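Heads up, the sequence shown is in our numbering, so the first residue is 21 and it goes up one at a time. These notes concern the structure reproduced below.
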Amino acid sequence: MTQNDEHFLRKAIALAATARQGGNPPFGSLLVGPDGAVLAEEHNTVLTDNDISAHPEQKLARWAARELDPVTAAATTMYTSCQPCTMCTGAIDRSGLGRIVFALSTEQLTTLKPATSQPLVRLEGPALFDEARVPVEGYYR
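Okay, here's the thing in structure tokens:
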């Protein structure tokens with residue numbers, strides 16, 4: 021961890037505070053280019069946008085996929101106040117970003133949240149392999 025990493029993590033934490041002040045969950049992120057310039061920054065707007073996907077990491081990954089060429093995206097670093105969730109990790113992976121630096125781990129975040137009894141989504145499958153593979157076969161070559 022470099023001093024620059026700590027500097028940008030502090031900015032992400034400040035963005036998390038902005039989200040909370042605005043009535044949203046306290047998460048913030050920024051994307052830094054290969055030259056060290058801040059390319060974009062976001063904070064969580066899940067509640068004010070009434071959008072369950074309005075996580076800052078998700079918004080930045082989508083921005084990068086639209087606005088950056090693959091070489092530049094691969095040379096970026098996302099700084100985020102908390103380890104990205106599974107949804108955001110998938111978006112980050114598909115956007116081609118090069119590096120993620122986070123402040124709180126998921127484990128640490130869990131210790132700061134009250135226990136919930138929210139049910140996990142029940143997954144059933146795999147099923148119908150021979151049928152499901154037809155539209156996919158050959159696409160990833």
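Beta carbons are placed, not taken as given, at the ideal position from N, Cα and C, and that holds for glycine. Note that this is a predicted model, so its numbers are computed, not measured.
Keeping to the same chain, check which residues put their C-beta closer than 8 Å to that of residue i; ignore five residues upstream and five downstream.
| i | result |
| --- | --- |
| Val64 | Position check: residue 64 holds Asn in this sequence, whereas Val was assumed. Cβ within range, chain order: Ala36, Ala39, Asn44, Pro45, Pro46, Phe47, Gly48, Ala74, His75, Pro76. |
| Gly42 | His63, Thr65, Thr68 |
| Asn24 | Gly56 |
| Ile72 | Val66 |
Using the Cβ count rule (16 or more neighbours within 10 Å means buried), how would you classify residue i?
| i | result |
| --- | --- |
| Tyr160 | exposed |
| Leu143 | exposed |
Which residues in the same chain have their Cβ closer than 6 Å to the Cβ of residue i, if we skip the five residues on either side of it in sequence?
| i | result |
| --- | --- |
| Gly118 | Ala94, Ala95, Thr96 |
| Tyr99 | Phe28, Leu29, Ala32, Leu50, Val121 |
Look up residue i in the DSSP assignment and say whether it is helix, strand or coil.
| i | result |
| --- | --- |
| Leu117 | coil |
| Met98 | strand |
| Leu29 | helix |
| Ala147 | coil |
| Leu124 | strand |
| Gln23 | helix |
Open item on the list: Ignoring anything shorter than 4 residues, give me the alpha helix (DSSP H) runs that lie fully in the segment 37–91, in order along the chain.
Closed with: With a minimum length of 4 residues, the continuous alpha helix (DSSP H) runs that stay inside the segment 37–91 are 76–87.
Open item on the list: Three or more C-beta pairs under 8 Å: does that hold for the segment 77–94 against the segment 107–122?
Closed with: Contact check between the segment 77–94 and the segment 107–122: three or more CB pairs, one atom from each, fall below 8 Å, which counts as touching.
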